[in-house]
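Each remark here refers to the structure printed beneath this line.
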Amino acid sequence: MTIISALRNLLALTVTLIVIAVANTASAQSFPTRPIRLIVPFPPGGLNDNVARIVQPYLQEKLGQPVIVENRAGASGIVGSEYVAKAPPDGHTLLVVASSHTVIPATNSKLPYDPDSDLAAVGLLARDPMLFVVNDNVEAKTLQDFVKLAQSQPGKLTYATPGTDSQSHFVTELFSLEAHIKMLEVPYRGGAPSVLSLISGETQFAVLSTQLSAPQIKAGKLRALAWGGDARNPQFPDVPTLKEAGFARVKALQWVGMLAPAKTPPDVIARLNGVLRETLTNPDVMKKLEVQGLTATATTPAAFDQMIDSEIKEWRDVGKQAGIAQR
181 MTIISALRNL LALTVTLIVI AVANTASAQS FPTRPIRLIV PFPPGGLNDN VARIVQPYLQ
241 EKLGQPVIVE NRAGASGIVG SEYVAKAPPD GHTLLVVASS HTVIPATNSK LPYDPDSDLA
301 AVGLLARDPM LFVVNDNVEA KTLQDFVKLA QSQPGKLTYA TPGTDSQSHF VTELFSLEAH
361 IKMLEVPYRG GAPSVLSLIS GETQFAVLST QLSAPQIKAG KLRALAWGGD ARNPQFPDVP
421 TLKEAGFARV KALQWVGMLA PAKTPPDVIA RLNGVLRETL TNPDVMKKLE VQGLTATATT
481 PAAFDQMIDS EIKEWRDVGK QAGIAQR
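Everything in the sequence shown is counted per our numbering, starting at 181 for the first residue and increasing by one.
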């Protein structure tokens, strides 16, 4: 190759890189160019739906375009997740997911999308430590009491979950592994019927969100044995954390976050993440989330992506140890 041809190649490469850089900058500066859809892969009224509707007006104000919450429910969130994974990667179609997003790969071997490579992290929105609760007639005042009760009746006590693909299911199985107990799962179609089964005594135990369980605890229908937060819940200061109860290795933390289709321009992801951070520091947003039992929590895309990858691995390991069959 002559010096002249080498210089020509170098010039062509330089021009290409400049064009790409200018295009990326332009995409971020012009974004968004039309309404943005927040796809919630579950019916209205759930955890991620509530969070999406809390942040929606603030995102709309900051982005200068209509922001629409759209529920695309089905197959434990798979339908909506697949829809976003296959949407144009331009930042106008986003996915608002709950932490069950990282559980689904442990129960489904043939997903129509790859949660690792088909979706890109935008940022975390909120966290919700879970409560370990029992029917008020269960003879257990502490989590250790319940463990002893379950050990004396292996395979006879039942626990309610909002579904087999739920985080509640896997947290309970992780707890069972750590406590060396065996219970029978009774899966329901959503959180509300699982709470009703616990109140009626059809099931004895559950790991549930604060939103679902707190009103029933205050009404004396359920008893809280432990809390999944790092510090005690101000609503229930007498309820110990899992660490205090002797189960520090059990992770019981729900979250809600935002994802975009893979290959969405990095500058667009950065713009969305910046808007999320501003929104989550708004006192009104923080208060509205707090009413739902949630804590506003902002992260970088990289930190959220790392958290997702780590949890997918963790729940897959729990599934294997607990003998949960993949479909």
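Built from N, CA and C at the ideal position, the CB exists for glycine as well.
Nonlocal neighbours in the same chain, by C-beta distance under 8 Å from residue i, ignoring five residues either side
i, result
"Gly226", "Val220, Ala278, Gly370, Gly371"
"Arg252", "Ile219, Val220, Pro221, Val259, Gly260, Tyr263"
"Leu364", "Gly335, Lys336, Leu337, Thr338, Tyr339"
"Phe427", "Leu323, Phe355, Glu358, Ala359, Ala406"
Inter-residue spacing [alpha-carbon to alpha-carbon] between residue i and residue j
i, j, result
"Thr390", "Pro309", "7 Å"
"Glu358", "Arg429", "8 Å"
"Leu243", "Pro212", "7 Å"
"Thr205", "Asp447", "At Thr205 the pLDDT is 47, less than 50, meaning the model places this residue with poor confidence; the figure from the coordinates comes in the next sentence. Going from the Cα of Thr205 to the Cα of Asp447 covers about 7 Å."
"Val202", "Gln209", "Bear in mind that the predicted position of Val202 carries a pLDDT of just 45, short of 50, making it too unreliable to give a figure here."
"Ser356", "Leu329", "13 Å"
"Pro414", "Glu424", "16 Å"
"Lys443", "Arg214", "19 Å"
"Val471", "Ala411", "18 Å"
"Ile504", "Met466", "37 Å"
"Thr480", "Ile488", "12 Å"
"Asp296", "Glu458", "27 Å"
"Asn230", "Ala255", "20 Å"
"Glu382", "Gly454", "46 Å"
"Ala450", "Lys290", "31 Å"
"Pro224", "Lys398", "25 Å"
"Asp325", "Gln486", "36 Å"
Among the options, nearest to residue i - alpha-carbon criterion
i, options, result
"Pro292", "Leu311, Leu433, Val259", "Val259"
"Val314", "Leu433, Val327, Lys468, Leu305", "Val327"
"Ala478", "Arg307, Gly381, Phe312", "Arg307"
"Leu388", "Lys401, Ser380, Trp407", "Trp407"
"Leu275", "Gly254, Glu319, Pro237, Asn228", "Asn228"
"Ala386", "Ile488, Pro463, Ser348", "Ser348"
Cβ-based burial, residue i [other Cβ within 10 Å; buried from 16]
i, result
"His360", "exposed"
"Lys493", "exposed"
"Leu299", "buried"
"Ala265", "buried"
"Asp294", "exposed"
"Ser380", "exposed"
"Pro417", "exposed"
"Gly473", "buried"
"Val419", "buried"
"Asn317", "exposed"
"Ala320", "buried"
"Ser346", "buried"
"Lys431", "buried"
"Pro237", "exposed"
"Pro434", "According to the sequence displayed, residue 434 carries Gln and not Pro. Label assigned to Gln434: buried."
"Pro463", "exposed"
"Pro285", "buried"
"Pro269", "buried"
"Pro441", "buried"
Beta-carbon proximity of residue i to residue j, cut-off 8 Å
i, j, result
"Thr341", "Ser374", "yes"
"Leu511", "Val498", "Residue 511 is absent from the structure shown; the chain starts at 181 and stops at 507."
"Thr338", "Gln384", "yes"
"Thr344", "Pro367", "yes"
"His281", "Gly257", "yes"
"Val249", "Ala267", "no"
"Gly437", "Thr421", "no"
"Asn142", "Arg507", "A question about residue 142 goes unanswered here, because the residues of the chain that appear run from 181 up to 507."
"Ala404", "Phe312", "yes"
"Ala482", "Leu460", "no"
"Ala301", "Leu469", "no"
"His272", "Ile216", "yes"
"Leu456", "Leu305", "yes"
Proximity test, Cβ basis, 8 Å: residue i and chain C
i, result
"Ala425", "You won't find chain C in this structure, because it holds only one protein chain."
Contact set for residue i: own chain, Cβ-Cβ below 7 Å, skip 5 residues either direction
i, result
"Gln240", "Pro246, Val247"
"Gln501", "Leu357"
"Lys401", "Asp316, Ile379"
"Ile200", "Residue placement at Ile200 is poorly supported in this model, since its pLDDT is 47, which falls under 50; the coordinates still yield a value, given next. Answer for Ile200: no residue qualifies."
"Gln333", "none"
Beta-carbon proximity list for residue i, same chain, < 6 Å, skipping 5 on both sides
i, result
"Gln331", "Ile361"
"Phe350", "Val283, Trp495, Val498"
"Glu491", "Thr282"
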